[in-house]
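Since the structure comes first, as C-alpha cells, the remarks are kept for the end.
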DNA sequence: TCTATCATTAGAATTGTTCTAAACTGCTTG
DNA sequence: CAAGCAGTTTAGAACAATTCTAATGATAGA
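Protein chains in written order, with our numbering: chain S, 6 to 151; chain F, 6 to 151.
Below you can see the structure in the form of C-alpha cells.
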C-alpha cells in the first residue's frame, strides 16, 4: 500500500520541463515516479544503468519507489525508445541512455561498459539477414581484458 | 546420492574415441557424465545450447546427470576452450560449439541464434582499447526482426 | 469533479544459476 | 590390482535478477 508521499526537492524547472515533455511525447503518463526516475537517468550524460543501481540511486535521493516500479519504468522507457537495453553478462542487464547508433567496450574484469561512437567502428560489409528479414540493429561488443 | 548407474547405448567407437581424447587433451577427466554430455554437444555440427536444453537432451537419451553437473560440465568445457559462452538475451546463456572466430544473427522473436562466418563480416577499422588494454574478442550480433 | 484507465506497490512467485556437503570414481601408486 | 586421494557428481538448498499478483492510488479527459 502507499505509505509515504514523497516530497522531493525541485531541481531546475528547465530540467523538469524537458523530462516531462520527453515522457509526454513518448506517450507515457508523467507520473511522479516516472518523472523522478527519468530525471535520475537523464540528468548526467550517457549512462549504463542496471535496475538495481537505479533503485539504489532513487533511495539515496529520497525518491520513494518500489523495485517493481523501477523495472516497469525502465521497460516502458525502453519500449518507447527512450532507453536501449543491453545484456552482455547474463547476470543482469543494463539500460543505456544513449539510444543512437553506437557500440561498446566491455571490460571483462569489472563488468563495466563504455560507449564507442558509431563512426569509430567501420563495418565494410555485412551479410543479408536470412530470408530477407529486417535487421533491427547491429551490436558490436569489444571485450577487453581489463 | 547415486541412484542409477546409467548404461547407455554405445555410439560409434570412433566418436567415443575422439570425444574422449578431446576431453583428455583439454585436461579434463573423461568421466561418464562428461563423456555423455560432450557427445551430445559435439555429435551434430555447430550448435547453440542452453544448460536447460542439454539437461533435457540428456534425460531423453537416458543419460542420468544432474542439472548441476550440466552446468559444471559446460563451464569446464568453456574454461578449456571447447565451448564459448554467449549471453544475448539476459534470460539465459548459450554455449556455442563453434569456438572459432565468427559472429551471430539473433532472431528476436524466437530467440534463436545462427552463426555468421567471420569472413562475411568485414570490419574495416576498430578503435584501440582504452589504456592499451588487450582485446579478448569482438562480438558482432545482428539482431533480426524475425 | 468524477471516473475509467493506467500506474504503483509489497511481497510472493518464478527462473536461471550457483553453492554445499556428502557420496562416489578415475587415476596413479605401491 | 588394491588402495587412496584428488577431482567429480549429486540432490536439494540458497541465491539473485526479474516478473507476477491483486489491491490501492493517481492521472487525464469529459
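Think of the CB as a built atom: it goes at the ideal place given N, C-alpha and C, for glycine as much as any other residue.
DSSP state of residue i, grouped into three classes?
| i | result |
| --- | --- |
| residue 127 of chain F | strand |
| residue 63 of chain F | helix |
| residue 118 of chain S | strand |
| residue 26 of chain F | helix |
| residue 149 of chain S | strand |
| residue 75 of chain S | helix |
| residue 49 of chain F | coil |
| residue 39 of chain S | helix |
| residue 81 of chain S | helix |
| residue 7 of chain F | In this prediction, residue 7 of chain F scores a pLDDT of 39, lower than 50, which makes its location untrustworthy; no coordinate-derived value is stated. |
| residue 90 of chain F | strand |
Beta-carbon separation of residue i and residue j under 8 Å?
| i | j | result |
| --- | --- | --- |
| residue 60 of chain S | residue 24 of chain S | no |
| residue 111 of chain S | residue 149 of chain S | yes |
| residue 127 of chain S | residue 129 of chain F | yes |
| residue 75 of chain S | residue 42 of chain S | yes |
| residue 28 of chain S | residue 40 of chain S | yes |
| residue 121 of chain S | residue 132 of chain F | yes |
| residue 136 of chain S | residue 151 of chain F | yes |
| residue 113 of chain F | residue 141 of chain S | yes |
| residue 88 of chain F | residue 100 of chain F | yes |
| residue 106 of chain F | residue 84 of chain F | no |
Would residue i pass as an interface residue toward chain F - the criterion being a Cβ-Cβ separation below 8 Å?
| i | result |
| --- | --- |
| residue 120 of chain S | no |
| residue 85 of chain S | no |
| residue 136 of chain S | yes |
| residue 94 of chain S | yes |
| residue 57 of chain S | no |
| residue 60 of chain S | no |
| residue 54 of chain S | no |
| residue 89 of chain S | no |
| residue 81 of chain S | no |
Can you say whether residue i is buried or exposed, counting buried as having 16 or more other CB atoms within 10 angstroms of its CB?
| i | result |
| --- | --- |
| residue 102 of chain S | buried |
| residue 63 of chain S | buried |
| residue 56 of chain F | buried |
| residue 52 of chain F | buried |
CB-CB under 6 Å to residue i, same chain, minus the five flanking residues each way: which ones, in chain order?
| i | result |
| --- | --- |
| residue 98 of chain F | 90 and 92 |
Please work out which residues of its chain come closer than 7 Å, Cβ to Cβ, to residue i, disregarding the five sequence neighbours upstream and downstream, and give them in chain order.
| i | result |
| --- | --- |
| residue 94 of chain S | 116 |
| residue 145 of chain S | 108 and 126 |
Using a Cβ-Cβ distance cut-off of 8 Å, determine whether residue i contacts chain S.
| i | result |
| --- | --- |
| residue 129 of chain F | yes |
| residue 64 of chain F | no |
| residue 115 of chain F | no |
| residue 75 of chain F | no |
| residue 151 of chain F | yes |
Can you give me the Cβ contacts of residue i inside the same chain, cut-off strictly under 8 Å, excluding the 5 residues immediately before and after it?
| i | result |
| --- | --- |
| residue 86 of chain F | 31 and 104 |
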